[in-house]
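Okay, so the sequence shown: first residue is 1 according to full-length UniProt numbering, each after it adds one.
Please read the structure below before turning to the comments.
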Amino acid sequence: MDAASRTWWGPTLPVMAPARSGPWSATSPAPLRRLPAAATRLLTAWADLDRFEAPDVPMRGGDYHHVDAFPAHEPAVWPPATVKAPGSGSQVRCTQVLVGCIPVPEVEDALDRVFGDLRLQAHGLKPRRGGASVPAHTCRASFLLDETGRPLPDSFDHAVLLDFVRHVEHEVRGGRGVDDVVRTGLGKLDVFQQELRERWGKAIEGSRASSPFAAVQQCLAAVEAGGSRNHRVSVTWIERDSEPPRLLPAFFHDDLEAAATGPTSALLHHYLQGDQASAPPGAVDVRAGEHPAVDLLDPALLPRAAWPSEHLPRLSQQIALTALLNGQAPVSGVNGPPGTGKTTFLRDVYANVITDRAGVLVTCADPAAAFGKGRTVDLGGTETGYCYAPPADARGFEMLVASSNNAAVENVTREIPDLEALGKTHRENTTYFRTVTGAETVQKTVKKKGAVASTLDRAPEEVTRPGLLPEGKQAWGLGAAALGSRDRVGAFQQVLDPYTGDSTPWHHLFAELTRPGPLTWQQARRNFHDRRRAVDEAIEQLQRTRQEVTRLPLLQSARDEAARTVEAHRGDLAAARTAVTTLANAADRADTGLSEARARLTESAAGRPGRLARTFGSGAARAWQRERDAAVTAEETASRAADGAHRALDEAREEETSVRTLLGVSIDALAAAQTRLAQAQTAAGALDPERHVDDERWWRRSVEDRELGTAWVDESLQRLRIELFQAALAVHEAFARAAHKQVRGNLRLWFALQNGKVADHEIPAVAPDVWASLFLVVPLVSTTFASVARLLQHVPSGSLGWLIVDEAGQATPGAAVGAMGRFRRAVVVGDPQQLEPVVTLPRQLIRQLMTTRGADLDFSPHRTSVQRLADAVTTRGTTRLGKWIGLPLIVHNRCDDVMFSIANRMAYQDAMIQGRTRPVRDDAAALGPSCWIDVVGPVDGHVGAQDWAAVRSILDRIDWTAPADEEHPPLSVAVISPFRDAVAQLSTRVPAHLKALLPRDWSAERVKKTLARVEVGTVHTFQGKEHDVVLLVLGGGSAGARSWAAETPNLLNVAVTRAKDRLFVIASYENWRGAGHAGTLASMLPRVPFTPV
């Protein structure tokens, strides 16, 4: 199979139904995309830089590791043997020849001569790239030997740094300019490497008739350069089926080249698009405005699940989590200063991703039927396996933690499954295959060494299966695993023990899957539905309450309008009543007038003249007629008036009735409005102003008060969210048990894939399915960036769900490319104000390499980091120190006030909020307050006499024999220095002195545990850790050294914030108080002159 078809940018997984709305989500793969020209130039430049990293050469061996100079003459034994050989027949010898070895300081001197950092040289300080008690070595090439000691044809690797530096130095001495030499030299590198490989190939062919040792000599002669014959031989033992280790450190080169030349994930495309000089388009500052981030505080957006903790999240953690889970952006940067709960935040991310997947799994009526039909997989020879495609819609929830910091990777994958990471009240009910995670020792019958296959030659022997966590720690379940290196994969294989028979006496996953679990599949489904319904109903009640509260102003207006309507109708009724009275009087008058008119008419009829008088029209008759006509007219007029008056009265009475009806309706409406208003006022009165955002009292609180709490979530809702997460774990366990045949088959294939047993032609189809199955059972795994290309080499682009980058401020920008190319969404957590990326190459060389490829210099590894690139594309964030950063976590919970205040002022412009309430532990307080112990400084970077005396005096005051328990764990101490040479001395002195303080009758194990309570190291080894007491030994004998350590706040910020209870700075006050940010420590810590005893 060709190399291209084995790489991660191969075919994508089947399309899955999205779990969240939007253009795409972590559960549905986005289309692959080709990068724009600027991004491809950048990746090519980063790939060049990766080639220039120098490999490490081992200088010391052990019982199972032989390391020595390559012999000048053929030895009696070739290849060399180790002092001891493993008892297991599963391991084979691996022999490497390391070509042209040279001490690293010599390489650094050459780099400084050609590409010297003028800024550091001005201070008389060389770049500190390494340094230890035994100088590190590197080499220019390496190759492997077979069991007979003969070179393996395809094993030659070339490290370009040594040859390139020698070439540039030679040309510069000849008068050429550095830039010109670098530019032309880069163009010749590939040609030079090809020539080396051709010479190697000819040497292999020409040495076939020679003895194995002579063949090695011939191959060395073919690839030697500059007369260098300082070669070494390294012999180790590896698993028979595992890939031999290679020394070259170009961990990222292949992934960088692949992403630059082929289609890659939308995640990686997004990651490379930011402008670090400004906020991204559409940026929203979650810390700005009268009601900051109010749109993210809608209870409908609340994450449904929660990590089982005794504490509620801080507001900034809640906002960050809500923005992440309800957003669609491929990259989300989260900016967390020391002690602000980054791990707590990641635990809640973990709980919600698992719960989201459980919501998909419970839609399956039969887990076994949800897998595809089994297909046979060729494992070489006669061995076969069976692969079953997992359900497509259950993919996209995979979680991988990656970092450049080994400690950070270990911390997350050890803390997630650790039982003590749970709140005490939740430890019993949070469980997930718990029985398979603890170490077990059992009696097994094994064959005696050298015995024949007979029952008489077999004897019982104690065999231990390691636990998921080290040092006997108890896990709540199979929640996470540290992978990456071959050693870690091997250790994980021992925990799961996939090749042990089901009848084994101990609990291992492959047997446990076939046994009944705590819940059947249907019970787990019902339980999950019930728990989810409870959470949804609680949140719906919050929404109803919120609707009532938000409607309060409208209800008040409606009540007032109803009251005005009632008053208006009452006025109308009074007017109508007045009109009726008036018209009734008028009708009475009209009736009286009509009666009078009729009376006159009647009276006139009585005086009617006789017929004769009427006939002849006598004067009397004519007068009567006139009176008669007038009476008739008056009666008609009065009648019409009476009719009109009565009609008007009837109309007025009808109007009165209508108005009275309207008044009754308006009175009822007012009563209803008053009832609704009273209900809303009751709801508002019942609100907790520390929880409910819609209560104006929430916004009237101080920023500090708000940030120390959380929105909407009280203890009752938190309990429901925790129970939903616990139910989600039960769903995963029941699902795996119900589909045990498919899960076991796929997991065995995953181990076969890691051990190189899967045939090449099977890998493209098998790898996505077995990785999806591993993540289905083990929700989160971790690795360093350096191991991504090897561990995930067969994983297609954009096929996995969630990449979690920890300590991202410490990672070079190119380190994350391989991981981002394989995932759909990334949570990038870090802090640019802590340790920056360690870059060993000179800046001038980096500049030239970037310029030659046409790459933007702002993306140079010494100028930016994974965190800064992620922040540049994160639209929810804030501005700090004049730069846009991603979602900020701001409540500090670790350090006592002095350390908190120093870091807050020195590195964060007082943007953090102190959230710690725990008092200083008594044994730390007994050492006295945190202070600056003023000593006579050393003359160089080493520890001076008074430095060591001050360290010793503090160690002497600690009671190392004090009893400890879970409530009162033993005091932990860190001895930190910025300088490796200082640490080299302290690493020897501190353990020796501490051991002398311990009782002589203590057991070796108790002494070992006590010594482990004190950790000594450089600042770089401590990021991500914390200790009760920190002794910061600054040393720094030269002004240049002090400037290097304190020029930026980063180193000192990390050192100071490792201390939870006490910080003792041990240094010359006079030398350091004017050295950059060390002045902040000098001004805020009390100065205590050291008096030697």
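From the three backbone atoms N, C-alpha and C, an ideal C-beta is built for every residue, glycine too.
Inset, instruction - Use the C-beta contact count for residue 163: other C-beta atoms within 10 angstroms, 16 or more gives buried, fewer gives exposed. - result: buried
Inset, instruction - Quick one: give me the first and last residue of the alpha helix (DSSP H) that residue 415 is part of. - result: 406–415
Legend entry - Sheet register partners of residue 804 (DSSP bridge): 401 and 827
Legend entry - Rounded separation between residue 708 and residue 292 - CA only: 15 Å
Inset, instruction - Drop a sphere of 10 angstroms on the beta-carbon of residue 180, count the other beta-carbons inside from all chains shown, and report buried for 16 or more, exposed for fewer. - result: With a 10 Å radius around the Cβ and a threshold of 16 neighbouring Cβ atoms, residue 180 comes out exposed.
Inset, instruction - Say whether the region 733–746 touches the region 536–549, bearing in mind that this needs 3 or more beta-carbon pairs closer than 8 Å, one atom from each stretch. - result: With a cut-off of 8 Å, the region 536–549 and the region 733–746 do not count as touching, because too few Cβ pairs lie within range.
Inset, instruction - Pull up the DSSP beta-bridge partners for residue 780, would you. - result: 399 and 480
Legend entry - Where the alpha helix (DSSP H) containing residue 720 begins and where it ends: 715–738
Inset, instruction - Report buried or exposed for residue 863, applying the criterion of at least 16 other Cβ atoms within 10 angstroms of its Cβ. - result: That one is buried.
Inset, instruction - Please name the residue, chosen from 889, 781, 346 and 832, that lies closest to residue 881 on a Cα-to-Cα basis. - result: Comparing Cα-Cα distances from residue 881 to each of 889, 781, 346 and 832, the minimum goes to 832.
Legend entry - Distance between residue 981 and residue 134 (C-alpha atoms, nearest Å): Confidence at residue 134 is low in this model, with a pLDDT of 41, below 50, so its placement is unreliable and the value that follows should be read with caution. One C-alpha to the other measures close to 11 Å.
Legend entry - Reference residue 599, options 427, 879 and 627, closest by Cα: 627
Inset, instruction - Could you spell out the range, first to last residue, of the alpha helix (DSSP H) harbouring residue 207? - result: Taken as a continuous stretch (DSSP letters only), residue 207 belongs to no alpha helix (DSSP H), as it is neither H nor E.
Legend entry - Proximity winner among 993, 153 and 766, relative to residue 206 (alpha-carbon distances): Nearest C-alpha to residue 206: 153.
Inset, instruction - Can you have a look at residue 282 and say buried or exposed, based on whether 16 or more other CB atoms are within 10 angstroms of its CB? - result: It counts as exposed.
Legend entry - Straight-line Cα distance separating residue 151 from residue 509: 41 Å
Inset, instruction - Could I get the ranges of all uninterrupted beta strand (DSSP E) runs contained in the region 323–383, with 3 residues as the minimum, in chain order? - result: 331–335 and 375–378
Inset, instruction - With DSSP as the reference, label residue 1040 as helix, strand or coil. - result: helix
Inset, instruction - Pick helix, strand or coil for residue 219, following the three-state DSSP scheme. - result: helix
Legend entry - residue 432 versus 545, 49 and 478, residue with shortest Cα-Cα distance: 478
Legend entry - Pick from 776, 778, 752 and 777 that is closest to residue 766, judged by C-alpha positions: Looking at the Cα atoms, 752 is the closest of the given residues.
Legend entry - Nearest-angstrom Cβ-Cβ length linking residue 329 and residue 875, presumed shorter than 8 Å: 7 Å
Legend entry - Alpha-carbon to alpha-carbon, residue 395 and residue 27: Below a pLDDT of 50, predicted positions are generally treated as unreliable, and residue 27, at 48, falls in that range; the measurement from the model is reported next regardless. Answer to the nearest angstrom: the Cα atoms are 6 Å apart.
Inset, instruction - Compare the C-alpha of residue 879 against each of 256, 280 and 679 and name the closest. - result: 280
Inset, instruction - Take residue 288 as the anchor and find which of 778, 307, 663 and 887 has the nearest alpha-carbon. - result: Here the closest residue by C-alpha is 887.
Inset, instruction - Please name the residue or residues paired with residue 385 in a DSSP beta bridge. - result: 377
Inset, instruction - Please report how far the alpha carbon of residue 514 lies from the alpha carbon of residue 917, in whole angstroms. - result: So the two alpha carbons sit approximately 48 Å from each other.
Legend entry - Distance between residue 659 and residue 601 (C-alpha atoms, nearest Å): 41 Å
Inset, instruction - Please confirm whether residue 670 and residue 586 have their CB atoms less than 8 Å apart. - result: no
Inset, instruction - Starting from the C-beta of residue 222, find all residues in its chain whose C-beta is less than 8 Å away, skip the five residues before and the five after it, and write them out in chain order. - result: 199, 200, 202 and 203
Legend entry - residue 187 burial status per 10 Å Cβ neighbour count (16 or more: buried): So residue 187 counts as exposed.
Legend entry - Reduced DSSP category for residue 1131 - H, G, I as helix; E, B as strand; rest coil: Not covered by the structure: residue 1131. The range shown for the chain is 1 to 1093.
Legend entry - Inter-residue spacing [alpha-carbon to alpha-carbon] between residue 157 and residue 1017: 33 Å
Inset, instruction - Would you list the residues sitting across from residue 976 in a DSSP beta bridge? - result: In DSSP, residue 976 forms a bridge with 1017 and 1032.
Legend entry - Own chain residues within Cβ distance below 6 Å of residue 1078, not counting five before or after: Taken in chain order, the residues that qualify are 1046 and 1072.
Inset, instruction - Say whether the region 229–239 touches the region 795–812, bearing in mind that this needs 3 or more beta-carbon pairs closer than 8 Å, one atom from each stretch. - result: no
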